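Chains A, B, C and D, in that order, give the protein sequences.
Oh and the first sequence: position 234 is 234 in my numbering, straight run, nothing missing.
Oh and the second sequence: position 309 is 1309 in my numbering, straight run, nothing missing.
Oh and the third sequence: position 262 is 2262 in my numbering, straight run, nothing missing.
Oh and the fourth sequence: position 307 is 3307 in my numbering, straight run, nothing missing.
Glycine is no exception: its CB is placed at the ideal position from the N, C-alpha and C atoms.
As the structure is a computational prediction, the values presented were derived from the model and not from experiment.
Data first, discussion second: the structure below is written as structure tokens.
Number of protein chains: 4
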Amino acid sequence: MTAPDPAPRPQKIPVAVLGPTGYTGLELLEILARHPSMRIELLGSARTPSPRIDAEFPRLIGRLGPGVNAECEPIDHDAIARRCRLAFLCLPHEAAMEHTPPLLSRGVKVVDLSAAYRLRDAGVYEKAYGHHHTDPANLPRAVYGLAELARESLRGAELCANPGCYPTVAALALVPLLKAGLIKPAGIIINAASGVSGAGRQPKPNLHFPEANESYSAYGIGAHRHQPEIGQSLRVYSGRADVPDPLFVPHLLPVERGILETIYAEPAAAAVTTETLQAALQAAYAGEPFVVVRDEAPTLRDAQRTNTAHINARVVHGRVVIIGAEDNLVKGASGQAVQCANLMLGLDETAGLM
Amino acid sequence: MTAPDPAPRPQKIPVAVLGPTGYTGLELLEILARHPSMRIELLGSARTPSPRIDAEFPRLIGRLGPGVNAECEPIDHDAIARRCRLAFLCLPHEAAMEHTPPLLSRGVKVVDLSAAYRLRDAGVYEKAYGHHHTDPANLPRAVYGLAELARESLRGAELCANPGCYPTVAALALVPLLKAGLIKPAGIIINAASGVSGAGRQPKPNLHFPEANESYSAYGIGAHRHQPEIGQSLRVYSGRADVPDPLFVPHLLPVERGILETIYAEPAAAAVTTETLQAALQAAYAGEPFVVVRDEAPTLRDAQRTNTAHINARVVHGRVVIIGAEDNLVKGASGQAVQCANLMLGLDETAGLM
Amino acid sequence: MTAPDPAPRPQKIPVAVLGPTGYTGLELLEILARHPSMRIELLGSARTPSPRIDAEFPRLIGRLGPGVNAECEPIDHDAIARRCRLAFLCLPHEAAMEHTPPLLSRGVKVVDLSAAYRLRDAGVYEKAYGHHHTDPANLPRAVYGLAELARESLRGAELCANPGCYPTVAALALVPLLKAGLIKPAGIIINAASGVSGAGRQPKPNLHFPEANESYSAYGIGAHRHQPEIGQSLRVYSGRADVPDPLFVPHLLPVERGILETIYAEPAAAAVTTETLQAALQAAYAGEPFVVVRDEAPTLRDAQRTNTAHINARVVHGRVVIIGAEDNLVKGASGQAVQCANLMLGLDETAGLM
Amino acid sequence: MTAPDPAPRPQKIPVAVLGPTGYTGLELLEILARHPSMRIELLGSARTPSPRIDAEFPRLIGRLGPGVNAECEPIDHDAIARRCRLAFLCLPHEAAMEHTPPLLSRGVKVVDLSAAYRLRDAGVYEKAYGHHHTDPANLPRAVYGLAELARESLRGAELCANPGCYPTVAALALVPLLKAGLIKPAGIIINAASGVSGAGRQPKPNLHFPEANESYSAYGIGAHRHQPEIGQSLRVYSGRADVPDPLFVPHLLPVERGILETIYAEPAAAAVTTETLQAALQAAYAGEPFVVVRDEAPTLRDAQRTNTAHINARVVHGRVVIIGAEDNLVKGASGQAVQCANLMLGLDETAGLM
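Written as structure tokens, this is what we have:
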């Protein structure tokens, strides 16, 4: 019907997506389908019978890219190693810890979208997630995938722990200000709000449309599993061991996607102004393709369905107030995973993401 | 804190609500709580342990009316008969057929919000609902609760089959036009759209917020269980046995509540005009408190959270197009149930409903 | 069609609603239409030609109560004084300052839903609202309408300044804790979120459906006009002049209505626990019909379309976190206005509101 | 920060977007920004002062592609001719008729997203749109941009009249069935529902969030401007001059985007079955990249944010019922515009659209 593209295409890198039937899986497939340098070689699912991904998500019919097989396969480490250079794991935490070691040992790079390898200390992990960490040996090997703060360590990494959705924009917003000494390390409050896709694809009473629609609520107040992850990022990337875990209060928004965080901190000194805050952020993110420092407060809409985080900081009423926005499924999950994979594979970091 | 109301209140009629933990139950409780002549005496639930209704729905805390016990009780026919004059059944169809006979035999009036007693022919019921009708003996006794079309038979009735949500506005819109001979009985198409509360409170994949939100879809195309109920109403209340079941195509709207039906019919004669249609509707509903004949097409919002059906009819492009709107939980369920109960108990029909 | 109610009804008190074409007006009319002791005698509008309120809001057709004239009239102080005992003003601030003095001087009680008489200091008002206060003489006469904190002064009051939507739940949540000395007066942060109806009925670019839908954003960060009103309430009702204005950061939620505030404060002492906080709130609101102290965090849905505020407080991570929810149009506006009017007219405070 | 892409990129074709500040403009820019063979050379706006497009839509900041100037320019035909090979017109109808002739005469190809050149008969246009057609001379030159039904005439065309949103999926659904003689030409009813973005970016009372949210309504019943466009397409592409304009009844959905049409027709013969209908559709669209014939009814979600139309047809209850879904801003506007431009410029038809 249309003439074949005459120009010989450069060989694309074959990748696997394991656990593609959730929302991060769907988003990842949409990104990979138009990636100029990767192609979806294999979809791996633990479900029996193996689902067709375009029956799960009819919007994918005919949109996975030329030659891509929409039928999932059982997860077979040897097959993945034979056919793919990298695997994205959109699996539950426990399954991620099960499949990562055999993939790594077979030479397959892994970008893990679960929380399995995010926390450097297995004890902190076990406390936050309530189950045993079955692969502590690979924790030191895992690179936390926040490219803007740890780009060099991602180049050539074998295992990437893709950051959590809430921690991504929290770290991007706060680290430069902590590093610059503009805000006090203690007393930080992160009031966050996320779309419902962040809670996953499993139906639950509080996520039933007539309950979640037109509502809004706080949950996991000061007890959410992302709180220690945020604390770790603030300490590691600011280089300040004295930063305690902030108080993190997430809320459920009646929208499909997006995270907006309203962050409160105390200025480190009377000389801290809106201008000094913004200047520190602008200096930190000059040239970054996926962080925009805004002059006004960003909205959720500004960031939705993009891999860009938007940040604005100000001093008001004697406090520092920072607004950060991102898409929880893109910059907060699958977009960032592709950004990390691009670096791990030596590709243009922005490939497939603009 | 506030002075007790000095005026001696007239004794309110005690009623039971069985199965109050669904959306029709919630709506019914909100209506009954401010009803001037009924009070909630008993909440009956088959669940073990018996739930507190204000734990199920925290919005009911302190709002059930003075002295109402928020704790549900197991369904006990003798207790109900001892304490209540009427029971509203917000139960599954099968449970309604189980509890109705013992309640009636104990002298308790029943308003059944399920479909158990709506279809006069048990065979039609069994085909539509896919299970056996276990109480055909009471079918002849059941009065279909469309007060605007069958008011007199409701006064003093013992058993009311409260109409389905979609059939209510469909019958109200079409019966006067059929009776007046303005539209052809065959070829009627009812394109309907309902809010998600119509699908119940049980979480399901297609009702999960991230799926239903921002979406819209047809379902049960020409095969919905309300299709024969609509056909029956059209025949019974127009007095025309020649009206076939219309084609009924419901759709799921991403809203909590409300039904809007766009109905297509053929004019019975060339002389049929917008004016003759509207005049027939106005004549049929003059003085009716809960039906408004509108000069323009009503919106869903016009009818939401009211017991009023809004109807507009026109001839356009050689067709009759009727738009009808109602709230599926009020006029399409619990409001209409109270309207029927008012009539059954000899109260002002509008009590608690304006 | 229905038999007239045989019982002779007690005479209802005639009231006026001025400016009924906005969302607070609509909500007020819905409440008054079913109020047992007030009736809508007169709708006053500055618009020419005078609108019919049920053309503005078709959902009101036939629902305003028996004998109510749906046609608005020009605002005529003498006519109001002749026919009504009380007037609800749902007018712009400036118009409220214009109409209040002539109504009061004619003996009409006034419940003003604008901000005109909320701030005791005309200078603070002028700074917050950016225009001149044209009726400072009546400021000392105005009773701030927070019945739970100032009930006695409302009984028999002539002029009620109905509280702002955000300040209502903020004051209800914080005052008992300040009074009990459980939280520090300084450093309070109120992170609030409101449905779009709070922004009024005038179409604006950021409130256009495709912009506001699926979005979420902060606005008026630390600069909202309700910030000084909240500060005033905290000082007046806690009896502590040392409470500075808190930092108030409102957000726009993609829902029609409801306000949820997530409030952060510092415990006044190490001995402050979740239990002491909750006990103070429970003691403050025991017997109150419109405040519920919850054991868990309330959701927006819990409070929507009710006159009830829901509050929960806890100590977490070394901070006090309070979640308060209300409906911005009911407890935050028109419901509270009726609650105040009930008190001003010597009626049962809960009449029409349960 | 990231290494420059080492591979020399093929020269991209420079294009202009005139009127980029509406929703079709935004969608077009998002598509063009990742198009492999076109680049945004010029944004033309009639507004003064010329807006920055990334101030209008902050989500575009840094996402327009390398070297693209986000500042709009006044519309200058010579500048466009000097710098661009093709212009997309996202302008009002009247402005499109003004700018198209000078652009064509300067050798610039035009894809017009307005309705200016869609109707072949200027008289029909004037009746539908209520204003004079100022460029009838170019009507015969305009190619209606429905690639699936008129691909060859688009290759090399100079002027493309990009189809209306509703007419696109209506024609795709009905033309194959009319051509195959499976449905009767008369009596077709198109019950359609669209997201609010279809109504444009200008705030209006009925599109104000608190009005459109949670509502649903019919509008332009049998009188919408797309009705004659649909009729024209059915006649032209089915080759049957006897097809009257169908009855078209659009509805406003409370979602951002997407169109779902529920189409009713009469089978042409008793032998017409679901299977014959589906077979005709499958035959018509075999190999088409942007039309999917589905075995079950598609949902709005299936098509949103894709350039794919989803279609399902069945015989039920003696009627043909067809469900078609598309995204009004993509396949119904900007995606289809790029599809047409790809053909006009000799590019891969799917470039930038998968």
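Exercise. Using the beta-carbon count (16 or more within 10 Å), is Pro-2049 of chain C buried or exposed?
Worked result: exposed
Start-to-end residues for the alpha helix (DSSP H) that takes in Arg-1082 of chain B: 1077-1083
Excluding the 5 residues preceding and the 5 following Pro-2289 of chain C in the sequence, name in chain order all residues of the same chain whose CB lies nearer than 6 Å to its CB.
Thr-2350
* Mind listing the chain A neighbours of Ala-3033 of chain D? Cutoff is C-beta to C-beta under 8 Å, in chain order. => Under the 8 Å cutoff, chain A gives Met-354.
Exercise for the section: Measure how close the beta-carbons of Gly-3044 of chain D and Ile-3075 of chain D come, nearest whole angstrom, since I'm counting them as under 8 Å. Expected result: 4 Å
Interface positions of the segment 2018-2031 of chain C facing chain D (Cβ-Cβ less than 9 Å), listed along the chain:
Tyr-2023
Residue-level contact to chain A via CB, Glu-1256 of chain B, 9 Å cutoff: yes
Check your understanding: Taking the alpha carbon of Met-2038 of chain C as the point to measure from, which residue in C:Ala-2046, C:Gly-2019 and C:Val-2068 has its own alpha carbon closest?
Key -> C:Val-2068
Counting Cβ pairs, one atom from each stretch, are 3 or more of them under 8 Å apart for the segment 1235-1248 of chain B and the segment 3162-3175 of chain D?
-> No: fewer than three Cβ pairs fall under 8 Å.
Margin query: Strictly by DSSP, which residues pair up with Asp-2121 of chain C?
Written below: BP columns for Asp-2121 of chain C are empty, so no partner.
At a cut-off of 8 Å, would you count Leu-3345 of chain D as near the ligand FMN, judging by its Cβ distance to the nearest heavy atom? The ligand FMN is not part of this structure, which contains no ligands at all.
Item checked: Contact residues within the segment 2280-2306 of chain C, judged by C-beta distance below 9 Å to chain A -> Ala-2297, Pro-2298, Thr-2299, Leu-2300, Arg-2301, Asp-2302 and Gln-2304
Answer yes if the segment 1310-1323 of chain B comes into contact with the segment 1335-1342 of chain B, meaning at least three C-beta pairs across the two stretches below 8 Å, and no otherwise.
no
Check your understanding: How would you write the range of the beta strand (DSSP E) that Thr-3262 of chain D sits in, first residue to last?
Key -> 3259-3265
Original post:
DSSP state of Glu-1152 of chain B, grouped into three classes?
Top reply: Three-state DSSP puts Glu-1152 of chain B in a helix.
Tell me the residue span of the beta strand (DSSP E) that contains Phe-3248 of chain D. Phe-3248 of chain D -> beta strand (DSSP E) spans 3247-3252.
Contained beta strand (DSSP E) runs [length at least 3] in the segment 2091-2144 of chain C, N- to C-terminal order
If only uninterrupted beta strand (DSSP E) runs of at least 3 residues are considered, those enclosed by the segment 2091-2144 of chain C are 2109-2112.
- Cβ contact check for the segment 277-293 of chain A and the segment 221-231 of chain A: 3 or more pairs under 8 Å: no
key: Proximity test, Cβ basis, 9 Å: Ala-1003 of chain B and chain C   = Here the model assigns Ala-1003 of chain B a pLDDT of 43, short of 50, so the residue's position is not dependable and the matter cannot be decided.
Along the chain, where does the beta strand (DSSP E) that runs through Glu-3041 of chain D open and close?
Element bounds for Glu-3041 of chain D: 3038-3044.
So, with DSSP's three-state summary, where would you put Leu-2018 of chain C?
If DSSP states are grouped into helix, strand and coil, Leu-2018 of chain C belongs with the strands.
Rounded distance between the beta-carbons of Ile-2053 of chain C and Cys-2072 of chain C, thought under 8 Å
6 Å
Q. Can at least three beta-carbon pairs, one atom from the segment 1250-1270 of chain B and one from the segment 1179-1197 of chain B, be found at a separation below 8 Å?
A. yes
Nonlocal neighbours in the same chain, by C-beta distance under 8 Å from Ala-1137 of chain B, ignoring five residues either side: Pro-1101
Could you tell me the alpha carbon to alpha carbon distance between Ala-161 of chain A and Leu-3032 of chain D, rounded to whole angstroms? 33 Å
message = Going by DSSP, what residue range makes up the alpha helix (DSSP H) through His-2226 of chain C?
response = 2226-2238
request  = For Asn-3312 of chain D, write down the residues that DSSP places opposite it in a beta bridge.
outcome  = D:Ile-3323
| task | For Glu-1214 of chain B, go through chain A and note every residue whose CB falls closer than 8 Å to its CB, in chain order. | result | Glu-256
- Tell me whether Val-3293 of chain D sits in a helix, a strand or coil according to DSSP, three-state version. The answer is strand: DSSP assigns Val-3293 of chain D an E or B state.
Cα separation between Leu-369 of chain A and Gly-231 of chain A?
Nothing can be reported for residue 369 of chain A: it is not among the residues displayed for chain A, which extend from 1 to 354.
* Return helix, strand or coil for Ser-2197 of chain C, following the three-state DSSP convention. => Ser-2197 of chain C: helix per DSSP, three-state reduction.
_In whole angstroms, give me the CA-to-CA distance for Cys-3165 of chain D and Gly-198 of chain A._
32 Å
So, Ser-233 of chain A versus Val-175 of chain A, is the Cβ gap smaller than 9 Å?
yes
So which residues of chain A does Thr-3308 of chain D contact, with C-beta pairs closer than 9 Å?
Arg-59, Ile-61, Gly-62 and Arg-63
- Task: Measure how close the beta-carbons of Asp-1327 of chain B and Asn-1312 of chain B come, nearest whole angstrom, since I'm counting them as under 8 Å.
- Result: Wrong, their Cβ atoms sit about 17 Å apart, outside the cutoff.
Assign Pro-1250 of chain B to buried or exposed, taking buried as 16 or more other Cβ atoms, counted over all protein chains shown, within 10 Å of its Cβ.
buried
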